[in-house]
Each structure stands twice: as structure tokens, then as C-alpha cells.
Amino acid sequence: IYREKMAITNLTIMEEFILLGFSEYPNIQGFLFVVFLFIYISILLGNGLIIIITSVESALQTPMYYFLGNFSFVEICYTSNILPRMLVNIWRQKRNISLLSCAAQLCFFLILGVTESFLLAVMAYDRYVAICKPLYYPIIMNQRICVQMVFGSWVIGIPVLIGLTYQVFSGPFCGSNKLNHIFCDLPPLLKLACGDTSGDEVFLYVHCFLFGLTPFLMILMSYIRILSTILKLPSTTGRSKAFSTCSSHVMVVCLFYGSGLIAYFQSMTSSSGSIEKIFSVFYTIVTPMINPMIYSLRNKEFIAAMKKLFSKWGR
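If you count the sequence shown from 1, position 256 lands on 673 in my numbering, and the numbers rise without skipping.
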């Protein structure tokens, strides 16, 4: 009966998609491969170095660096879900991806993106406690609480995001199987879905509100209180030191949310696939490469620990 209905409505059962990526630029495929390979290696090295240093250096065995190490691990997983397949597609010029692989990529992308959002909120809360309640910091941010916060950031969205992925792929796709994107993302998939996709779009907006806006509001509330406390400090030196401990995190938050919002806004309003893909590259690939530089180059404690570790390796 199902196949008869599909035939009547002239639908085709999709078995795979074609990820077009940047195939519209055939003359620069070799250049793109080199660029994306360099970016991926930079992400692995930069974030891997943060994980190693925050794990082995006793001076960095604090909640702030514990969260930073976990954040770097998520960044590696986040880009490893996208970049290796992109590199293989460019190298082999074979861009097909099965429905199951596409669903898995989308699901992991959503879960890791939500985990990253809530880790950024946890890191903001850590700074709030350190600046606004310094005497209670060791009690509030004890090891058990820190582990629970990281674990909660990982699992909080999994059931809903698996359900969202199932809802997107449970419906039929019709027409072309060409996905004009660099990976399996929600907006381009919904464009290929048949029939009324308003339910999926509403679910998408609810997901964005719950797992995007909620951690952002938590970050905003933390920094409003931090700013209020800093402005009450009597000395300029104290205010400068307090601001410096937050500046790197604020820059990463702005990059993450700013580029993500622009990319999704472009995907929903723009008909130009090229612009959409460029913004997607920025928030999924370029930002994870920049983040380690922000945290390492603007942090004196981290630079000192890095020099100490390199001196040990050089002996």
C-alpha cells in the first residue's frame, strides 16, 4: 500500500544523497583539499594541545581548565563529524552519502552543537562564581559538581535530538537527491522533504529555543552579574584582572553564537547556496580552529604551562 501511494504521488524513495559541497568550483578542488586538511590538522593540534596541557600540568588542575579541556574535546569531535568526509569527497570526487550515514551525521552534529552550547554556559557560570562568590568557589565548584555539569552538558539534549533526527528522516524525500551543502544539516534537508514540512520546522524552532537560546540566556545572566560585580571593585587593577579572566570566553561565545545564528538565518532566508555554505564552513570549521588560539594566546597561565611542558619535551 505504501509503495502504491508513493507511485501515485510520483515520489521516489531516496537511498542516498549527493553532498555537492563546493563542486561548482572544479578548478580549485586541489586547493580546497589542502586548505581543509590544514584546518583539520590545526584543529586537532590546537585542541589536542589544550587537552594535554590541562590534563598533565598541576597548575591548571582547576575547574576552569577542566571545562576548557572538555570543550576542546567536543570541538575535535564536532569537526571530525564533518571534515574527514569532506576531505574524502574532495579527494575521490565521490560525494554520495547514504540515508543512514546522513542521519548519523546530522544527529551527532546536533548533539555536539548542543553540548558545546551548554559547556559555554557552564564555563560562564564558573567565571560568575569565581568573581562574584570567590570565598565559596572551592565549595560550589567542587570536583563532583564539575563532573556532573560536564556530564549534563553531554546528555541533556540527546533524547530530543534523536527524536528530531528521526522525524526529519521518517518522512519521504522527493525530486532531486542533491544536497546543496557541505554536510547533512537541517535546513537543506528540509528543502528536499516532500509535502508539508511545517511540523518539522516548528520542531526545529523549538529545538533552537531550548538548546540554543537557553544556554545563551544563562551566559548572558552570568555576565550581567559579573559586570555588576566588576564595576563595584574599588581598584582599576582588580577590574582589569577580572575582565581579563573573562575576555577569552566572551570572544569564543560571540564567535560561536554569532557565526551560528548568521549561518542559520542565511540558510532560511537566502536562495544562494554558496553564501550558505561559506557561513557553514565558518561556524563548523574555522571557529574551532580559532578558539584554541584565543584561549592560549590571551592566557598567561596557559602560556607558562605550555612553555614548561615544551621545555620538558625538549630535554
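Glycine residues also receive a C-beta, built at the ideal position from the N, C-alpha and C atoms.
query	result
Counting only the same chain and skipping the five closest in sequence on each side, list residues whose C-beta sits under 8 Å from that of Arg-561.	none
Can you give me the start and stop residues for the alpha helix (DSSP H) that Asn-487 sits inside?	480-497
Considering only the beta carbon of each residue, do Ala-721 and Tyr-640 sit closer than 8 Å?	no
So, at 6 Å on beta carbons, what are the nonlocal neighbours of Thr-426 in its own chain, with the 5 sequence-adjacent residues on each side left out?	Confidence is the limiting factor: at Thr-426 the pLDDT is only 44, short of 50, which leaves the residue's position unreliable and the question unanswerable from this model.
Once DSSP output is grouped into helix, strand and coil, what is the label at Ser-676?	helix
Kindly indicate the opening and closing residues of the beta strand (DSSP E) around Leu-523.	First-last for Leu-523: 516-549, but that is the alpha helix (DSSP H), not the beta strand (DSSP E).
Rounded to the nearest angstrom, how far is the Cβ of Glu-533 from that of Phe-673, given a contact under 8 Å?	7 Å
Specify the secondary structure class of Leu-634 as computed by DSSP and reduced to three states.	helix
In the DSSP assignment, find the alpha helix (DSSP H) that holds Leu-500 and state where it starts and stops.	500-509
State the DSSP-derived secondary structure class of Phe-719, mapped to helix, strand or coil.	helix
Should Val-531 and Phe-626 be called a contact, given that it needs their Cβ atoms to be closer than 8 Å?	no
Kindly indicate which three-state DSSP category Glu-433 falls into: helix, strand or coil?	strand
Report whether the distance from the Cβ of Leu-578 to the nearest heavy atom of the ligand FMN is below 7 Å.	Because no ligand of any kind appears in the structure shown, any question about the ligand FMN cannot be addressed here.
Going by DSSP, which residues form a beta bridge with Asn-513?	Ile-435
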